[in-house]
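Protein chains in written order, with this note's numbering: chain A, 38 to 390; chain B, 32 to 438. Using N, Cα and C, we set each Cβ at its ideal position, and we do this for glycine too. First the structure, in the form of structure tokens, and then the observations on it.
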């Protein structure tokens with residue numbers, strides 16, 4: 038015991054103190070909140086539902102970060118723009134004219150399918166273009182270069198789409214069939230939230246099938262294991278990488294549609310914050326790990342929604358809702374301190390150590 | 032790279048990007064701004080140059096572009112001053128502290144600029160007032176309304192004036208409308224941390240409580256937030272019960288999210304919603320869409336009349352092909368004309384046809400403005416640059432148009 042104490046260096050001790058302090062603050066805040074109990078069980082359930090809906094979108098976007106990291110070991114910071122480009126185009130070029138012509142009210146399902154498809158197509162197109170032009174020439178460059186290129190690509194696409202469709206906030210047309218809510222336990226859930234969760238689950242199941250059962254999915258996995266060996270086994274590495282980008286962008290395009298349905302407005306800058314949050318979710322879940330991205334996204338959404346009320350309200354902090362990002366990132370710090378590889382990031386640990 | 036180093040790097044990247052996204056106010060760079068030169072000399076045949084710094088990009092474009100149109104019409108009507116044409120250099124304040132700082136630095140690095148019309152957003156006005164004042168320049172804002180900007184204990188700087196109302200007046204008007212006219216006795220307010228929104232929310236709270244109402248919740252969201260349902264749920268569960276009136280004087284995007292999502296939160300179905308002039312534009316009305324019934328907007332009283340206004344409105348329509356798209360076009364027109372009046376007063380013609388304008392004299396002249404007849408009323412500047420003749424009205428959206436309902 039004495040020896041161990043002697044060997045304890047200052048930074049390790051500080052880190053332990055920090056961990057203890059964060060946990061204490063969280064526990065104390067939770068205790069105080071629950072003691073004064075300002076919310077009914079219905080409110081808590083509402084917070085959880087809001088969190089799951091928001092988290093589902095983060096999860097879908099996070100898939101793209103994690104897939105690309107898996108094969109290229111690079112953080113694709115332009116991924117938020119893939120998300121924006123699809124739905125911004127689909128809203129401006131398709132949804133608004135459809136709603137104006139009255140077609141959307143008559144055939145809501147058909148319209149949403151068309152809008153969703155266009156959103157995914159554009160996202161995939163932009164992703165493939167970015168990969169081909171901006172990333173592929175840099176594949177053997179030092180790792181920081183594609184990272185900076187990705188940030189540049191992100192700006193490029195933001196202002197490209199701003200030029201195309203303007204800098205205004207564009208409202209996404211309301212879909213009459215998705216208005217209102219349905220009863221659930223002792224509360225009600227918005228129909229759009231139900232749709233988000235159902236679509237996300239279906240998309241994740243389909244993704245799982247694609248990655249584990251199809252030839253293209255297996256090619257992606259083998260390239261992510263080892264590019265050189267995969268190439269020796271006759272896999273077209275460039276194609277597999279393009280496929281990876283396309284898969285991630287499909288999920289992002291889908292998330293775009295859900296985002297537009299839930300929040301009802303799109304603009305050229307809308308990809309930035311969800312992109313950063315989804316990247317956080319991917320790191321939280323263990324970057325490179327697909328189920329991890331889903332779990333990380335869901336957890337991040339829940340922390341943001343439930344966290345401020347649960348941890349901070351009891352501490353008497355004014356305007357505690359403004360601190361929801363602080364909560365989300367504190368949780369990230371906590372998880373990374375105890376599990377630097379992220380919640381489900383085993384594979385990464387083996388490979389990168 | 033070891034996994035530990037990677038986690039640290041990832042954290043750093045995330046936090047730094049988040050900080051950038053949150054728009055932390057940039058430190059003032061006033062110290063290295065060029066020193067006051069004293070005089071602007073406009074050579075014979077050269078134009079007199081003024082700058083504008085208004086929000087002309089992003090979701091709040093309508094707000095700034097509308098004011099810029101006002102400035103352009105004022106220049107068109109004026110034509111020339113003492114034989115010199117007038118030239119506008121239009122900058123973007125970005126509706127953020129960084130944007131105001133950058134636009135300010137760019138303007139004061141150009142010694143030919145005589146005065147600045149701007150900013151649109153109070154958040155940009157705070158750093159820009161510092162930069163512009165330190166450089167000896169003068170700025171007149173057509174739409175900054177935050178009380179702190181003309182409060183010498185807070186953000187006021189000696190080169191700053193405005194023709195927009197002070198939000199103490201607007202907050203009081205909204206409180207009176209909610210409490211006395213609508214008969215609502217409980218309220219909640221939400222701001223986004225920006226000086227304009229926080230100042231107005233505070234002014235509303237003070238007036239509402241002074242009238243005898245109770246404010247059950249006073250909280251904030253972040254610029255860029257989209258999911259407002261958690262904060263609205265906590266407001267609905269306030270100790271004093273769900274508020275009868277919910278006031279959120281924030282900008283277009285967040286305002287539309289709050290307006291639509293409040294209808295979907297249990298406990299707030301019957302709450303009357305209120306917003307202010309930051310959410311008063313064609314784009315805002317479009318973004319709010321079907322959620323408009325049951326929502327009120329405070330803003331400057333736009334029931335202008337008189338020949339000048341009629342000419343102004345006709346010029347706006349013919350130059351830009353639309354009716355005014357936001358609310359501060361007339362304030363911008365008045366601000367520009369105040370500047371022109373002072374240029375005429377203080378400029379000295381040289382024998383070679385040049386024009387010399389002393390910056391300090393410009394400032395003194397603008398501060399001495401008294402009984403100036405503009406579209407927005409009779410403008411008289413006080414010692415801290417508040418020049419407005421403030422008249423506030425309350426509006427609602429009917430078929431996508433803002434229609435005045437009070438007074």
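From the beta-carbon of residue 302 of chain A, the residues of chain B found nearer than 8 Å are 284, 287, 288, 318. Taken in chain order, the unbroken stretches of beta strand (DSSP E) that lie wholly in the stretch 69-103 of chain B and span 3 residues or more are 70-73, 79-85. Sorting B/386, B/266, B/153 by C-alpha distance to the C-alpha of residue 356 of chain A places B/266 at the top. Counting C-beta atoms within 10 angstroms of its own C-beta, residue 208 of chain A has 16 or more neighbours from the protein chains shown and is therefore classed as buried.
Beta-bridge annotation (DSSP): residue 305 of chain B is paired with B/278, B/327. Residues of the stretch 82-113 of chain A with a Cβ closer than 7 Å to any Cβ of chain B, in chain order: 83, 84, 87, 91. Neighbours of residue 252 of chain B across chain A, judged by C-beta separation under 8 Å: 358, 359. Counting of Cβ neighbours within 10 angstroms places residue 246 of chain A among the exposed residues, the total staying below 16. In the DSSP assignment, residue 220 of chain A falls outside any alpha helix (DSSP H) and lies within the beta strand (DSSP E) extending over 218-221. A straight-line Cα-Cα distance of about 51 Å links residue 214 of chain B and residue 117 of chain B. Residue burial is scored here from C-beta neighbours: residue 376 of chain B has fewer than 16 other C-beta atoms within 10 angstroms and is therefore classed as exposed. Of the candidates A/301, A/261, A/252, A/330, the residue whose Cα lies closest to the Cα of residue 288 of chain A is A/330. Residue 252 of chain A counts as exposed, since fewer than 16 other C-beta atoms from the protein chains shown sit within 10 angstroms of its C-beta. Distance from residue 84 of chain A to residue 343 of chain A at the Cβ level is roughly 5 Å; contact confirmed, criterion being Cβ atoms closer than 8 Å. Not a single C-beta of chain A is nearer than 8 Å to the C-beta of residue 324 of chain B. Relative to the Cα of residue 198 of chain B, the nearest Cα in the group B/152, B/235, B/186 belongs to B/235. Of the candidates B/145, B/343, B/115, B/152, B/152 places its Cα closest to the Cα of residue 123 of chain B. Residue 135 of chain A counts as buried, since at least 16 other C-beta atoms from the protein chains shown sit within 10 angstroms of its C-beta. With contacts defined as CB atoms closer than 8 Å, residue 388 of chain B and residue 70 of chain B qualify as a contacting pair. When only Cα atoms are considered, residue 168 of chain B and residue 396 of chain B end up about 13 Å apart. Cβ-Cβ distances below 6 Å link residue 202 of chain B to 231, 234, 235, 238 in the same chain, with the five nearest sequence neighbours on each side left out; the list follows chain order. Put simply, the CB of residue 268 of chain B is near chain A, with a gap under 8 Å to one of its CB atoms. For residue 297 of chain B, the closest C-alpha among the options B/363, B/81, B/269, B/130 is that of B/269. Non-local beta-carbon contacts of residue 438 of chain B in its own chain, meaning distances under 7 Å to residues more than five positions away in sequence, involve 424 in chain order. DSSP lists no beta-bridge partner residue for residue 420 of chain B. Here residue 389 of chain B carries a strand assignment [DSSP, helix/strand/coil]. Residues of chain B with a Cβ closer than 9 Å to the Cβ of residue 176 of chain A do not exist, since the nearest Cβ in that chain sits about 18 Å away. Residues of chain B whose Cβ lies closer than 8 Å to the Cβ of residue 79 of chain A are, in chain order, 297. By the Cβ-count criterion, residue 275 of chain B is buried, with 16 or more other Cβ atoms from all chains shown falling within 10 Å of its own Cβ.
Within a 10 Å sphere around the beta-carbon of residue 434 of chain B sit fewer than 16 other beta-carbons, which makes this residue exposed. Chain B has a Cβ within less than 8 Å of the Cβ of residue 306 of chain A. Nearest neighbour of residue 65 of chain A by Cα position, chosen from A/185, A/353, A/371, A/285, turns out to be A/353. Residues of chain A with a Cβ closer than 7 Å to the Cβ of residue 260 of chain B are, in chain order, 87. In the three-state scheme derived from DSSP, where H, G and I count as helix and E and B as strand, residue 408 of chain B is classed as strand. Between residue 154 of chain B and residue 128 of chain B, the gap from beta carbon to beta carbon is short of 8 Å. With a threshold of 16 other beta carbon atoms within 10 Å, residue 132 of chain B meets it and is buried.
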